[in-house]
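Taking my numbering, the leading residue of the sequence shown gets 5, the next gets one more, and so forth.
Glycine included, every Cβ here is placed at the ideal spot set by N, Cα and C.
Just so we're clear, the structure is a prediction, and the values are computed from it rather than from any experiment.
The next block holds one structure in the form of structure tokens; read it before the comments.
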Amino acid sequence: MKAVIPAAGLGTRFLPMTKNSPKEMLPIIDKPAIQYVVEEAVNSGINDIVIVTGRGKEVIENHFDIAYELEKILEERNDKEKLEEVRKISEIAEIFYVRQKMPLGLGHAIYVAKKHIDNETFAVLLGDDIIVAEEPCTKQIMKIYEKYNASIIAVQEVERKDVTKYGIIECEELDDGVYKIKNLVEKPSMHEAPSNLAVMGRYILTPSIFECIEKTKPGKNNEIQLTDALNLLLKKEDIYAYKFKGKRYDLGDKFDWLRINIELALQREEFKQKLMELIRKIASEE
Ligand code: UTP
Numbered sequence: 005m006k007a008v009i010p011a012a013g014l015g016t017r018f019l020p021m022t023k024n025s026p027k028e029m030l031p032i033i034d035k036p037a038i039q040y041v042v043e044e045a046v047n048s049g050i051n052d053i054v055i056v057t058g059r060g061k062e063v064i065e066n067h068f069d070i071a072y073e074l075e076k077i078l079e080e081r082n083d084k085e086k087l088e089e090v091r092k093i094s095e096i097a098e099i100f101y102v103r104q105k106m107p108l109g110l111g112h113a114i115y116v117a118k119k120h121i122d123n124e125t126f127a128v129l130l131g132d133d134i135i136v137a138e139e140p141c142t143k144q145i146m147k148i149y150e151k152y153n154a155s156i157i158a159v160q161e162v163e164r165k166d167v168t169k170y171g172i173i174e175c176e177e178l179d180d181g182v183y184k185i186k187n188l189v190e191k192p193s194m195h196e197a198p199s200n201l202a203v204m205g206r207y208i209l210t211p212s213i214f215e216c217i218e219k220t221k222p223g224k225n226n227e228i229q230l231t232d233a234l235n236l237l238l239k240k241e242d243i244y245a246y247k248f249k250g251k252r253y254d255l256g257d258k259f260d261w262l263r264i265n266i267e268l269a270l271q272r273e274e275f276k277q278k279l280m281e282l283i284r285k286i287a288s289e290e
């Protein structure tokens, strides 16, 4: 299976940082966000990845390219560990880039990858969503795809007050954590929300999605919304949702970025103790 990683959005919620740097390159401790996403695809068994980029996103391509000068210097210094780490990034997978000339929405971003995907079912991983899980989230939904042979959307329960920030599904539960979708609503108000199951940035999509995107008119913010295209797809094919196991962070959101840095740092031996001491000290001064 191939994967599409849309990374061409403007990232306006993370301004001013994103004025001239992609949010997908925000560091999570010492690694850019999009590297976690690419690693999730690779750890799910996907080796052919299309990243959708746009203006100002060239640093993403450079990150996954060979850094010849850096490698030469590390070689001269005989710094084998760093050299290996840097090399590994450029060898991680076969990565292709397509450009979305205008950020016309997530649906449109996926559409520009159509030629590369051909007529196959593919995975979508949003470039600014990181999912920390024992089994990669994409792998989890690929397994559900194998069983149902239809499009699958990764979902998680959110607090009722937060439904306004997400795409929410109306559904019926079929099996433990597997739902048949009846309808999708983008950012509903609390009383309009048909459930508290929110779409979380990982999808398996059949190629019929492309003709649905073609028929999708610009919706909220004048963007071609994936949610609208999925509702068209629902008229032709079944779509299922899977409540995956793992923790999701939306890097478009500044607080989520702070949270993932702290939570992942607490899992690293080199920072754990120092960070705990700092947190305790700050809390005692409050
Ligand atoms: P978001 O809606 O979170 O990204 O899209 P955004 O539009 O960049 O964010 P804000 O709201 O302005 O802060 C989810 C993913 O889809 C990509 C984004 O790069 C992000 O990884 N995307 C979004 C595109 O590739 N193209 C678009 O036109 C819109």
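Boundaries of the alpha helix (DSSP H) in which residue i is found, first to last residue
i: V116; result: Taken as a continuous stretch (DSSP letters only), V116 belongs to no alpha helix (DSSP H), as it is neither H nor E.
i: I286; result: 273–289
i: K84; result: 84–95
i: S212; result: 212–219
Burial state of residue i (16 or more Cβ within 10 Å)
i: G49; result: exposed
i: H195; result: exposed
i: T220; result: buried
i: E28; result: buried
i: D180; result: exposed
i: I172; result: buried
i: T300; result: Coverage of the chain is limited to positions 5 through 290, which leaves residue 300 absent and any answer about it impossible.
i: E138; result: exposed
i: S155; result: buried
i: Q39; result: buried
i: E89; result: exposed
i: A202; result: buried
i: K61; result: buried
As assigned by DSSP and simplified to three states, the class of residue i
i: D69; result: coil
i: D232; result: helix
i: Y257; result: According to the sequence displayed, residue 257 carries Asp and not Tyr. Here D257 sits in coil by DSSP.
i: E139; result: coil
i: D133; result: strand
i: I266; result: helix
i: R252; result: strand
i: I32; result: strand
i: K224; result: helix
i: R17; result: helix
Residues that residue i bridges to, as DSSP identifies them
i: F100; result: V54
i: A245; result: I157, Y183
i: V162; result: Note: V162 sits in no beta bridge, so no partner.
i: V8; result: V54, V128
i: C175; result: I185
Where the beta strand (DSSP E) through residue i begins and ends
i: A45; result: Element bounds for A45: not the beta strand (DSSP E) but the alpha helix (DSSP H), 37–47.
i: N187; result: 182–190
i: K61; result: Neither: K61 is in no beta strand (DSSP E) and is coded neither H nor E.
i: I208; result: 201–209
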